[in-house]
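Beneath this line is the structure, given in structure tokens, with notes to follow.
Residue numbers (the numbering used here): 74 to 232.
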């Protein structure tokens, strides 16, 4: 069994998989009569001819150590996850290795921060820590097969 440690998420470390959704140090512009910062276009919705949709996913919590046994990817569209609660969570991702997932990596995503996974990026299921959580999800709806799931040998994720 493979064991991996959780990594802190940084834009550089996460770049092969997607974008981190968090406000920039300085807003792009002020709107609403100067009362609101706009942090514009933090990521792009990839949709390969489909429509961009917004959903809420409610996920059960995991505890550490966590045995990751399933990865999936969406070849026709990106998928963004923004937590709606106050807790940190894990984003488990893996590089592509000839059409199958490579060795997963687990990133600790701080409270109030989301991620946008690029089309075709292997990833684990939603993994809130310690208690269930809701996520706002932006992804693709449309024709074509946009879900591949692969059972993997267990990978134990530890702090």
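We put the CB at the ideal spot given by N, CA and C, even for glycine.
Given the structure is predicted, the values throughout are model-derived calculations rather than measurements.
Among the options, nearest to residue i - alpha-carbon criterion
i           : options            : result
residue 191 : 154, 99, 132       : 154
residue 91  : 225, 104, 180      : 180
residue 200 : 164, 228, 143, 78  : 164
residue 110 : 117, 121, 101, 176 : 101
residue 75  : 156, 88, 138, 118  : 138
residue 112 : 103, 152, 127      : 103
residue 87  : 230, 209, 178      : 178
residue 127 : 161, 117, 209, 108 : 209
residue 157 : 217, 187, 169, 123 : 187
residue 146 : 89, 125, 197       : 197
residue 89  : 160, 152, 144, 168 : 168
residue 160 : 144, 152, 118, 182 : 182
residue 216 : 116, 123, 108      : 123
Separation of residue j from residue i, as counted between CA atoms
i           : j           : result
residue 129 : residue 207 : 7 Å
residue 233 : residue 105 : The first residue shown for the chain is 74 and the last is 232, placing residue 233 beyond what the model contains.
residue 193 : residue 81  : 23 Å
residue 134 : residue 94  : 21 Å
residue 171 : residue 97  : 35 Å
residue 84  : residue 184 : 16 Å
residue 132 : residue 205 : 6 Å
Residue span of the alpha helix (DSSP H) that contains residue i, given as start and end
i          : result
residue 84 : 84-87
Chain B contact for residue i (CB, 7 Å cutoff)
i           : result
residue 206 : Looking for chain B here will not work: only one protein chain is present.
Endpoints, beta strand (DSSP E) assigned at residue i
i           : result
residue 95  : Per DSSP, residue 95 belongs to no beta strand (DSSP E) and is neither H nor E.
residue 152 : 152-156
residue 120 : Careful: residue 120 lies outside any beta strand (DSSP E) and carries neither H nor E.
residue 103 : 102-104
Which residues DSSP lists as bridging residue i, in chain order
i           : result
residue 194 : Answer by DSSP bridge pairing: none, since residue 194 is not bridged.
residue 137 : Note: residue 137 sits in no beta bridge, so no partner.
Rounded distance between the beta-carbons of residue j and residue i, thought under 8 Å
i           : j           : result
residue 150 : residue 121 : 6 Å
residue 227 : residue 195 : Contact flag wrong, Cβ pair sits at about 16 Å.
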